[in-house]
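In our numbering, the protein residues as written are 3 to 114. Idealized CB from N, CA, C, for every residue including glycine. Worksheet: the structure to be examined is printed underneath.
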């Protein structure tokens with residue numbers, strides 16, 4: 003099955019994730035392995051940019067919440083980079099598992 007913008011049973015999980023990022027995540031769920039590597043890499047890059055923009059809005063604010071917010075971003079990106087390295091070696095299992103779990107993660111963490 004090719005990557006497509008089809009709505010699936012997980013559409014109700016959009017939660018706090020930006021619509022464009024959620025659309026990418028939805029496409030990743032239905033990508034063929036031949037398309038998954040490039041699409042996953044692009045998603046990670048777009049999510050990094052989204053997090054960067056959000057952290058730029060926070061600016062130099064400090065405090066417990068801000069520290070936790072930044073730490074959570076860093077931890078997720080570390081996991082995504084680890085999965086991306088595996089995906090680039092044609093091991094798509096971890097990347098696909100993360101794609102399935104991310105909507106739930108965003109709902110729980112409200113970082114979108």
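In terms of Cβ geometry, residue 39 and residue 90 form a close pair [threshold 8 Å]. Within its own chain, the residues whose Cβ lies closer than 8 Å to the Cβ of residue 23, once the five positions on either side in sequence are excluded, are 45, 48, 49, 52, 114, listed in chain order. Taken through DSSP and simplified to helix, strand or coil, residue 35 comes out as helix. Residue 63 and residue 34 have their alpha carbons spaced roughly 43 Å apart.
Taking C-alpha positions only, residue 73 is separated from residue 65 by approximately 12 Å. Between residue 60 and residue 36, the alpha-carbon positions lie close to 38 Å from each other.
The distance from the Cβ of residue 58 to that of residue 86 is about 23 Å, inconsistent with a contact at the 8 Å cut-off.
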